[in-house]
Amino acid sequence: MLSRILTTTCALALTAGAASADYSLTILHTNDYHDRHEPISKYDGPCDAEDNAAGECFGGTARLVNAVADARARSDNSILVDGGDQFNGTLFYTFYKGTMTAEFMNLLGYDGMTVGNHEFDDGPEVLAGFMDAVEFPVLMSNADVSREPLLADKLAKSTVIERGGEKIGLIGLTPENTDELASPGDNITFSDPAAAVQGEVDKLTAAGVNKIIVLSHSSYAVDLDVAANTTGVDVIVGGHSNTLLSNTNDRAEGPYPTMVGDTAVVQAYAYGKYLGELNVTFDDAGVITEASGEPILIDGQVVEDESVLARIAELAAPLEEIRTKVVAETAEEIIGNRDDCRAGECQMGNLVADAMLARVADQGIQVAIQNGGGVRASIDAGPVTMGEVYTVLPFQNTLSTFEVTGEVIVAALENGVSQVEEGAGRFPQVAGMSFAFDAAAPAGARVSDVMVGGEAIDLAATYGVVSNNYVRNGGDGYEMFKTAANAYDFGPDLAEVMASFMAEGGAYTPYTDGRITAK
Numbered sequence: 001m002l003s004r005i006l007t008t009t010c011a012l013a014l015t016a017g018a019a020s021a022d023y024s025l026t027i028l029h030t031n032d033y034h035d036r037h038e039p040i041s042k043y044d045g046p047c048d049a050e051d052n053a054a055g056e057c058f059g060g061t062a063r064l065v066n067a068v069a070d071a072r073a074r075s076d077n078s079i080l081v082d083g084g085d086q087f088n089g090t091l092f093y094t095f096y097k098g099t100m101t102a103e104f105m106n107l108l109g110y111d112g113m114t115v116g117n118h119e120f121d122d123g124p125e126v127l128a129g130f131m132d133a134v135e136f137p138v139l140m141s142n143a144d145v146s147r148e149p150l151l152a153d154k155l156a157k158s159t160v161i162e163r164g165g166e167k168i169g170l171i172g173l174t175p176e177n178t179d180e181l182a183s184p185g186d187n188i189t190f191s192d193p194a195a196a197v198q199g200e201v202d203k204l205t206a207a208g209v210n211k212i213i214v215l216s217h218s219s220y221a222v223d224l225d226v227a228a229n230t231t232g233v234d235v236i237v238g239g240h241s242n243t244l245l246s247n248t249n250d251r252a253e254g255p256y257p258t259m260v261g262d263t264a265v266v267q268a269y270a271y272g273k274y275l276g277e278l279n280v281t282f283d284d285a286g287v288i289t290e291a292s293g294e295p296i297l298i299d300g301q302v303v304e305d306e307s308v309l310a311r312i313a314e315l316a317a318p319l320e321e322i323r324t325k326v327v328a329e330t331a332e333e334i335i336g337n338r339d340d341c342r343a344g345e346c347q348m349g350n351l352v353a354d355a356m357l358a359r360v361a362d363q364g365i366q367v368a369i370q371n372g373g374g375v376r377a378s379i380d381a382g383p384v385t386m387g388e389v390y391t392v393l394p395f396q397n398t399l400s401t402f403e404v405t406g407e408v409i410v411a412a413l414e415n416g417v418s419q420v421e422e423g424a425g426r427f428p429q430v431a432g433m434s435f436a437f438d439a440a441a442p443a444g445a446r447v448s449d450v451m452v453g454g455e456a457i458d459l460a461a462t463y464g465v466v467s468n469n470y471v472r473n474g475g476d477g478y479e480m481f482k483t484a485a486n487a488y489d490f491g492p493d494l495a496e497v498m499a500s501f502m503a504e505g506g507a508y509t510p511y512t513d514g515r516i517t518a519k
């Protein structure tokens, strides 16, 4: 498929001549914001006021407001859209759920967004309330919500907006495995993304709409596949994989835009660190003739809007006592970035898994398994606040203990490494055990050398396991744990467990010890 992708530099001309009815549009976009309304550090975690004043922080809604205003001023014709996962990631979501998110998205003047998997973290009810509060369409094409009364009459698959005298079709797309990643409930079923998109494209084109944008919270890889296996899609604004596409950044995973035939695919990392800015020109048949742009880094040079700062401070006031409480100290930065914790043993994964196991070791529990996708940030050296801990572990997961056989543990590890090449959040961070995996082997046959307590795992023996309630109940593909014996899902909050563990024994020193080996 990659051979079908035409990589670009900053600009791409697809035809030699301009059509007589050229239509230009600037598509401003965000994705995976995760309620980072305040500035973030280079580690994607909280950034203190001193560093922010020194220009060392990124993002924050007060900067984003001005960045969007500046980008709109550069264009005669623009829209602002989002690729999903606005929800969850800071105490702002924990405290306000979707209401604060809706307020600021309305302020920014979004024209549409797709449902991300984290929009279902608290079930359909919170999503439905958010949709009632926002002033723009929220979309999801590849799901049947007809049996879910909270969403059946309000969550559309696609919509049409008008800008500059032209109709633009917007189609939503969410992960096909959202039922494994979040809590949509039993009344919603998800389906193949390419087929769902093509169905909506056909409806829109039949209605005379020939400029079509897919808002996709499905990952860069899935977006490329959808672009290659559909017709009539002009632009895909992506999310979910937190992918940076750029023509100037050497850490980018691909060019901005990445072209698949005539379809432009874009994504702008995550957490409000960038604002995507794609400039496209269509001919009178609705075909892109030119596509160029680059994500805008929202760094300290972007001025913060004073009124937005004041509103954020007002909303933050009830959280300050929790967030600013120093609970521990770390001697060095604890690395918990996505690339590390979804691909192998990582420092933050060891910390979380060690903390889980230490909390319940006196209950006869032998091993801990934590999904790497539940680890959301690094922590810099020095004092550690509870706000930082909640940024690492924002999902209010509780400790779950249960019993399964060694055979089930091996099956769980196989699930955990089955999508490592995709950077999937199911990757297992562990304690009390070790294992090796070979990513080049077929999924389901990648794990070897599993040891528990220094001895080879006994497939027939029963082991005590600790995880979080999300994983224990089948999240991230861990279906094998749903029927575990003696399951108890109502332990303490995982963030509190980690904070207590770090507070013991002085300054914490992060480490890896080879408990997970990639062959």
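The opening residue of the sequence shown carries number 1 in this note's numbering; numbering runs sequentially from there.
No residue lacks a Cβ here, since even glycine has one placed at the ideal position from N, Cα and C.
Because the structure is a prediction, the values reported are computed rather than measured.
* Inter-residue Cα distance where the pair is Met386 and Asp458 -> 39 Å
* Assuming Leu173 and Ser216 make a contact with CB atoms under 8 Å, what is their CB distance in whole Å? -> 4 Å
* To do: Please go through the same chain and pick out, in chain order, the residues whose beta-carbon is closer than 7 Å to the beta-carbon of Val452, but skip the five residues on each side of it.
  => Gln366, Val367, Gly432, Met433, Tyr463
* **Contiguous beta strand (DSSP E) assignments of at least 3 residues, all confined to the region 205-289** => 212-216, 235-238, 258-260, 263-266, 274-282
* Could you give the C-beta distance for Asp144 and Ile188, rounded to a whole number, given that I count them as a contact under 8 Å? -> 7 Å
* Asked: If you draw a straight line from the C-alpha of Glu103 to the C-alpha of Leu315, how long is it?
  -> 11 Å
* Asked: In whole angstroms, what is the alpha-carbon distance linking Asp283 and Val265?
  -> 18 Å
* Asked: Cys341: which of Gln363, Phe136, Asn371 sits nearest, CA to CA?
  -> Asn371
* Give the secondary structure of Glu38 by DSSP, where H, G and I count as helix, E and B as strand, and everything else as coil. => coil
* With DSSP as the reference, please indicate the residues paired to Glu294 in a beta bridge. => DSSP output for Glu294 lists no bridge partner at all.
* Nonlocal neighbours in the same chain, by C-beta distance under 8 Å from Phe501, ignoring five residues either side -> Leu351, Asp354, Ala355, Ala358, Arg359
* To do: Please list the segments of the beta strand (DSSP E) lying wholly inside the region 291-351, counting only runs of 3 or more residues, in order along the chain.
  => 326-330
* To do: Rank Val81, Met348, Val233 by C-alpha distance to the C-alpha of Thr509 and give the top, closest one.
  => Met348
* What number of angstroms, rounded off, separates the C-alpha of Ala182 from the C-alpha of Ile161? -> 30 Å
* Is Gly239 buried or exposed, if buried means 16 or more other CB atoms sit within 10 Å of its CB? -> buried
* Could you say which of Pro193, Gly83, Val226, Glu306 lies nearest to Gly270 if we only look at CA atoms? => The sequence shown places Ala at residue 270, rather than the Gly named in the question. Residue Gly83 is the option with its Cα nearest to Ala270.
* Asked: Between which two residues does the alpha helix (DSSP H) containing Asp70 stretch?
  -> 61-73
* To do: Return the first residue and the last residue of the alpha helix (DSSP H) that Gly387 is part of.
  => 386-392
* To do: State whether the region 399-410 contacts the region 467-475, with contact taken as three or more CB pairs (one from each stretch) at a distance under 8 Å.
  => yes
* With burial defined as no fewer than 16 other Cβ atoms inside 10 Å of the residue's Cβ, what is the status of Arg147: buried or exposed? -> exposed
* Residue range of the beta strand (DSSP E) that Ile27 falls in? -> 23-30
* Comparing the CB of Tyr96 with every heavy atom of the ligand PLP, is any distance shorter than 7 Å? -> What this structure holds is no ligand at all, so the ligand PLP is not there to describe.
* To do: Could you pull out every residue in the same chain whose Cβ sits closer than 6 Å to the Cβ of Ser219, ignoring the five residues on either side in sequence?
  => His240, Ser241
* To do: Tell me whether Glu294 is buried or exposed, calling it buried when 16 or more other Cβ atoms sit within 10 Å of its Cβ.
  => buried
* Asked: Does the count of Cβ pairs from the region 246-266 and the region 53-62 closer than 8 Å reach three?
  -> no
* Asked: Quick one, are the C-beta atoms of Val68 and Ser141 less than 8 Å apart?
  -> no
* Pick from Asn177, Lys167, Ala54, Thr30: whose alpha carbon is nearest that of Ile105? -> As written in the sequence, residue 105 is Met, which differs from the Ile given in the question. When only C-alpha atoms are compared, the closest one is Thr30.
* Can you check whether the CB of Val233 is closer than 8 Å to the CB of Ile212? -> yes
* Contact check, Tyr33 vs Gly272 under 8 Å by CB: the rounded distance? -> 5 Å
* In chain order, what residues of the same chain have a beta carbon less than 7 Å from the beta carbon of Asp111, not counting five sequence neighbours either side? -> Ile79, Leu80, Val81, Phe136, Ile161
* **Close beta carbons around Ile550, own chain, < 7 Å, minus the five adjacent residues each side** => An answer regarding residue 550 cannot be provided, because it is not within the stretch 1 to 519 covered by the chain.
* Is Met356 helix, strand or coil when you go by DSSP? -> helix
* Asked: Ordered along the chain, which non-local residues of its own chain (more than five positions away) have a Cβ less than 8 Å from that of Glu492?
  -> Sequence inspection shows Pro at residue 492; the Glu mentioned does not correspond to that position. If we look at Pro492 and ignore the five residues flanking it on each side, its Cβ neighbours are Arg359, Thr398, Leu399.
* Taking Cβ to Cβ, would you say Ala291 is nearer than 8 Å to Val302? -> no
* Is Asn520 helix, strand or coil by DSSP? -> The structure shown has nothing for residue 520, since the chain only spans 1 to 519.
* Simplified DSSP state of Ser78, which is helix, strand or coil -> strand
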